[in-house]
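Numbering (mature numbering (1 follows the signal peptide of the UniProt record, and there is no 0)) for the sequence shown: -24 to -1, 1 to 273.
Report on one structure; see the data block that follows.
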Amino acid sequence: MKRAAGAVLLGAVLCLAAAAPSQAAAVKVTVNGQPITDVQIAQRVKLFSLEGNKTGRTGATKQLIDEALQMQEAKRLGINVSNAQVDSAYQQVARNIKISKDKLTQMLQGQGVSIESLQDRLRAAIAWNGITESAIMPQVQVSELELDQQAAAKMNAYNGFDYILKEVIFVAPGGRGASGRTSQANRYRQQFKGCDTAVDLSLNYTDAAVIDLGRRNATQLPEAVAKELAGLNVGGITRPRVMNSGVSMLAVCEKAEAEDLTFIKSDLRANAGNAALETKANNYLEDLRSRAKIIYN
């Protein structure tokens, strides 16, 4: 959840900042005494234009105010963002657009873009991540009862089983010769008498392997496979499927109704946690705005 939250909070800000106009700056807004100038706003408007954001000066001003609040809150909490962290984020921007760091710098300078303005934006994003991890994430709680109820509701006729499986593979790297291998796999399937003799039977075929997959919950399997397995009894084997490694079949060694909803709950927990974290983060920032002294000139 932590990594996913970081991606949500940082993803929108790792982009190119716009060039600073050369005219003298005039203070347009102060945030708890910290000035935001018309130059900064003009830069952000230009950035918005590059991004396709049409909120103009209103949106640009709001974003700069939010960044000022984020940096002030980070300072209050003792969260420091090092130049090395900013440099690493700058490097990541270059990677995201598949160019080198030096090429990114050249590109920005070639367009008259202030490198410092991009670095400032990255610094605020990193600071907000730190606030999220230290002050917001501990407040996020996900109801286990609700997860249990949601997981139970997702159980159906085909994903409510635990299996002990063996995979039988007729090797065909990259799918080459898959047609002939599928014919052999079908013959194997017709002769299959259960997991105990799976390996012995495979010895009658060239480049056939039996792999113990161990315990699998149906939710860990592709839906089509889970549905087919649900219709098989112990000792059954699925139809051949062409995979990248060859032609594959799954043999059912054990099968039982699943009582553990962990596999379903893990996905539900991640989704619920990320949604709750985003809501908490938005509320936290809104509270900073409501308590701030913001003066428009």
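Every residue gets a Cβ at the ideal spot worked out from N, C-alpha and C, and that includes glycine.
Does DSSP put residue i in a helix, a strand or coil?
i	result
residue 32	helix
residue 272	strand
residue 62	helix
residue 168	coil
residue 138	strand
residue 55	coil
residue 73	coil
residue 149	helix
residue 217	strand
residue -4	At residue -4, the pLDDT of 39 sits below 50, so the modelled position is not reliable and the matter cannot be decided from this model.
residue 6	strand
residue 162	helix
residue 212	coil
residue 257	helix
residue 90	coil
residue 13	strand
residue 232	strand
residue 225	strand
Would you say residue i touches the ligand GDP, meaning its beta carbon is less than 6 Å from a heavy atom?
i	result
residue 60	Among the components modelled here there is no ligand, and therefore nothing to report on the ligand GDP.
According to the neighbour-count rule (16 or more other Cβ atoms, all chains shown, within 10 Å of its Cβ), is residue i buried or exposed?
i	result
residue 97	buried
residue 4	buried
residue 50	buried
residue 179	exposed
residue 76	exposed
residue 135	buried
residue -3	Any reading at residue -3 must be qualified, since the residue scores a pLDDT of 43, below 50, and its modelled position is unreliable; the value itself is stated next. Result: exposed.
residue 16	buried
residue 22	buried
residue 100	buried
residue 53	exposed
residue 85	exposed
Rounded to the nearest angstrom, how far is the Cβ of residue i from that of residue j, given a contact under 8 Å?
i	j	result
residue 9	residue 24	The pair is not a contact, with the Cβ atoms about 26 Å apart (cut-off 8 Å).
residue 80	residue 69	6 Å
residue 144	residue 164	7 Å
residue 142	residue 189	6 Å
residue 270	residue 57	Incorrect: roughly 23 Å between the Cβ atoms, too far for contact.
residue 204	residue 214	5 Å
residue 191	residue 138	6 Å
residue 45	residue 264	4 Å
residue 20	residue 48	No, residue 20 and residue 48 are not in contact; Cβ-Cβ is about 18 Å, not under 8 Å.
Counting only C-beta atoms, is residue i closer than 7 Å to chain C at any point?
i	result
residue 65	Protein chains in the displayed structure number just one, and chain C is not present.
With residue i as the anchor, note down where its alpha helix (DSSP H) starts and where it stops.
i	result
residue 83	77 to 86
residue 174	174 to 178
Can you tell me where the beta strand (DSSP E) with residue i in it begins and where it stops?
i	result
residue 112	Where residue 112 is concerned, there is no enclosing beta strand (DSSP E), given that its DSSP letter is neither H nor E.
residue 202	Premise fails: residue 202 lies in the alpha helix (DSSP H), 199 to 206, not in any beta strand (DSSP E).
residue 183	Here residue 183 belongs to no beta strand (DSSP E), and DSSP marks it neither H nor E.
residue 194	First-last for residue 194: undefined, no H or E at that position.
Just checking, does the stretch 256 to 266 make contact with the stretch 100 to 118 on the three C-beta pairs under 8 Å criterion?
yes
Does the stretch 164 to 174 come close enough to the stretch 216 to 228 that 3 or more CB-CB pairs lie under 8 Å?
yes
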